[in-house]
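In mature numbering (1 follows the signal peptide of the UniProt record, and there is no 0), the protein residues as written are -19 to -1, 1 to 517.
Yeah, the Cβ is synthetic: ideal placement off N, Cα and C, and Gly gets one too.
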Amino acid sequence: MGLFRVLLLINFLFVLNDARRSCAKQYYHQKGDGDLLGDVAFGCICNATYCDDIEPLGALQAEYFAAYISSQSLNRMDRIDFYFTAFPNSSTIAKVDASKTYQTIHGFGGAITDAVGINLLSLSQPVRDTLMKQYYGPTGIDYRITRVPMASCDFSTREYSYSEVANDFELAHFNLTQEDYLYKIPFIKQAQDLVKQNGGDLKLFTTAWSAPGWMKKSGKMQGGGEMLGELSGPYYKTFANYYLRFFEAYHNLGIDFWGVTPINEPSAGLVPNYRWQAMFMSAEMERDYIRDTLGPVLRGSNLTKNIKIMAGDDQRTMFVSESVLQSWPDIILADAAAASFIDGFAVHWYDDWFILESELAKSVSKHPEKFVLATEACTGYMPNEQNVLPGNWGRAEQYALDIIEDLRSGLVGWVDWNIVLDQTGGPNWVNNTVDSPIIANATVDNFLKQPMFYALAHFSYFVKPGYQRVDLDLGTQEPGLDGVAFVSPDGKQRVLVLQNGTPLNITLSIQDTKRPTRFGNLLMPSHSIKTVVWNN
């Protein structure tokens, strides 16, 4: 019968909850796609009357630990409760030491873009309400951070800014657009209300993809290029005031922002014919712009004086010293005046494969007084990839591993890109279509929860704002086994997220150093993610 099965029969207790709705599985045949794990692919379908949910943790007794599992072949956030035992069943010991704490977590989230609003409005009211609750509601995965583009980005249906009259340095003609009122504001407010029902607050942050076209040397938002004039000149000052006017306009509508970055992916602005909106700033330019213009403008207003300014908002390669002569943090923070305005840095994931986790961790540790937040990620963006892959597990593993590596490196959270797209991965005005954790199907008025959604849930549902990362030692590393651990603010609860990215089952035993004589014995099935929670 096997030692593990014997221990399993003796030591675990199923917790059955008839109220928990399980995944309504829809299977897809994907054999032959190059980045896939075989042809086992399924997602979970939701409609106006049914959507799977997560069994609440509830009051967990000290002698039990709860394990939530998602896997390629079978599971989506299924829960089993186990007894702790006096003996480990594996030589692989996952040792959690909550006495050694690291960064405090801000949270997890996604973006509300024009495309998101368009897709939500393509669904009936009951279905879109269900969708929003999946992310933000009491029965959802507890998103606490949301990114909102300032004016248009590629996931709009057109190029637009809030200042379309040339040489309007006083911003007399500044105005929000129909996209704000139709596609963003209603759903931001709904998300805020849902998070409040869940006992939390929603952190909103924003950035522009480009200045209005008349402020750029190219004369248009699309494509790269710099702003006109000197860094301390009228164009840059107007652009800083453009940000302030945006915050004022949203505040007047009942929405306040927690954070901001100076510009999205400034390195993209080096490409003159970049396909969508972009604007170049070097690290030195961003340093001086924040120090002399943007920082004083935002700090000088009672409305925005406490807003978190995050520099960068670009790839790991810009953030890590080993990949460039000097990293953005090294250049910007060397200037004490600029550093005084900066709360943290924002990084994107698109070249994470190129930068070792150890290099990222080293760069984060050099500036412990500034937080680092992952602010954009998606799959299906490469030219040789299919944009939307229904039910694909490989993309869930990409997400989970990246989140684990980022959190182990000291990042305080992880923010996905669009929270919902259509079946083509759009709309996107330059056809830069990608995948999303939820895919809307307006034709039949339902939506598909991709495996990526559940990968995110394994973190966001359990690792709340205020939790701290703690030390995790996996001992002799099993190839393909990765994990990260946390402790609650009161020190009582532990959360351990594990991923087995191999085709083999792995057994391991959890040991909490506060109670070293008891063990939590686990099986990690092939290609699975598991979140384990216990109290001390």
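Which residue or residues does DSSP assign as beta-bridge partners of residue i?
i, result
"residue 360", "Answer is none; residue 360 lacks a bridge partner."
"residue 395", "89, 355"
"residue 177", "Residue 177 is not bridged to any residue."
"residue 327", "293, 354"
"residue 27", "428"
"residue 502", "490"
"residue 204", "258"
"residue 66", "500"
"residue 76", "454, 492"
"residue 513", "48, 477"
"residue 468", "449, 475"
"residue 463", "480"
"residue 212", "DSSP, once it has assigned bridges, lists no residue as partnering residue 212."
"residue 22", "9"
Are residue i and residue j close, meaning C-beta to C-beta below 8 Å?
i, j, result
"residue 408", "residue 138", "yes"
"residue 376", "residue 382", "no"
"residue 247", "residue 238", "no"
"residue 406", "residue 416", "yes"
"residue 166", "residue 112", "no"
"residue 68", "residue 44", "no"
"residue 212", "residue 117", "no"
"residue 85", "residue 129", "no"
"residue 92", "residue 400", "yes"
"residue 312", "residue 323", "no"
"residue 77", "residue 455", "no"
"residue 179", "residue 119", "yes"
"residue 73", "residue 459", "yes"
"residue 52", "residue 33", "no"
"residue 224", "residue 252", "no"
"residue 47", "residue 41", "yes"
"residue 189", "residue 245", "yes"
"residue 503", "residue 495", "no"
"residue 38", "residue 514", "yes"
"residue 418", "residue 437", "yes"
"residue 208", "residue 201", "no"
Using three-state DSSP, classify residue i as helix, strand or coil.
i, result
"residue 2", "coil"
"residue 13", "Here residue 13 scores only 44 on pLDDT, less than 50, and its place in the model should not be relied on; the value that follows carries that caveat. The answer is coil: DSSP assigns residue 13 none of H, G, I, E or B."
"residue 111", "helix"
"residue 282", "coil"
"residue 195", "helix"
"residue 166", "helix"
"residue 481", "strand"
"residue 128", "strand"
"residue 409", "coil"
"residue 52", "strand"
"residue 143", "coil"
"residue 345", "helix"
"residue 379", "helix"
"residue 57", "coil"
"residue 186", "strand"
"residue 444", "coil"
"residue 368", "coil"
"residue 385", "helix"
"residue 419", "strand"
"residue 82", "strand"
"residue -14", "With a pLDDT of 35 at residue -14, under the threshold of 50, the predicted position of this residue should be treated as unreliable, though the coordinate-derived value follows. Residue -14 falls in the helix class under three-state DSSP."
"residue 161", "helix"
"residue 276", "helix"
"residue 97", "helix"
Please look up how many angstroms separate the CB atoms of residue i and residue j, rounded, as I've assumed it's under 8 Å.
i, j, result
"residue 50", "residue 59", "5 Å"
"residue 226", "residue 152", "6 Å"
"residue 462", "residue 491", "Not really, about 13 Å apart at Cβ, beyond 8 Å."
"residue 435", "residue 476", "Not quite, the Cβ-Cβ distance comes to about 16 Å (not below 8 Å), so this is no contact."
"residue 446", "residue 87", "6 Å"
"residue 440", "residue 384", "6 Å"
"residue 258", "residue 133", "6 Å"
"residue 210", "residue 199", "Going by Cβ atoms, the distance from residue 210 to residue 199 rounds to 14 Å, so no, they are not a contact pair."
"residue 195", "residue 147", "4 Å"
Compare the C-beta of residue i with all C-beta atoms of chain C and state if any pair is closer than 8 Å.
i, result
"residue 201", "Here chain C cannot be found, since the structure has a single protein chain."
What do you reckon, is the C-beta of residue i under 7 Å from a heavy atom of the ligand SAM?
i, result
"residue 338", "Absence of the ligand SAM is noted for the structure shown, with no ligands found whatsoever."
| query | Is the region 274 to 288 close to the region 334 to 342, with three or more CB pairs under 8 Å? | reply | no
| Does the region 98 to 105 touch the region 462 to 469, meaning 3 or more C-beta pairs lie closer than 8 Å? | no
| message | For the structure I just gave you, are there three or more beta carbon pairs, one from the region 470 to 482 and one from the region 23 to 36, closer than 8 Å? | response | no
| task | Examine the Cβ distances between the region 353 to 364 and the region 385 to 404 and report whether three or more of them are shorter than 8 Å. | result | yes
| said: For the structure I just gave you, are there three or more beta carbon pairs, one from the region 141 to 151 and one from the region 264 to 277, closer than 8 Å? | reply: no
| Is there contact between the region 149 to 162 and the region 170 to 187, where contact requires at least three CB pairs shorter than 8 Å? | no
| task | Could you say if the region 269 to 279 and the region 217 to 226 meet the contact criterion of at least three C-beta pairs nearer than 8 Å? | result | yes
| Does the region 119 to 134 touch the region 419 to 431, meaning 3 or more C-beta pairs lie closer than 8 Å? | no
| query | Counting pairs of Cβ atoms below 8 Å between the region 289 to 300 and the region 321 to 330, do you hit three or more? | reply | yes
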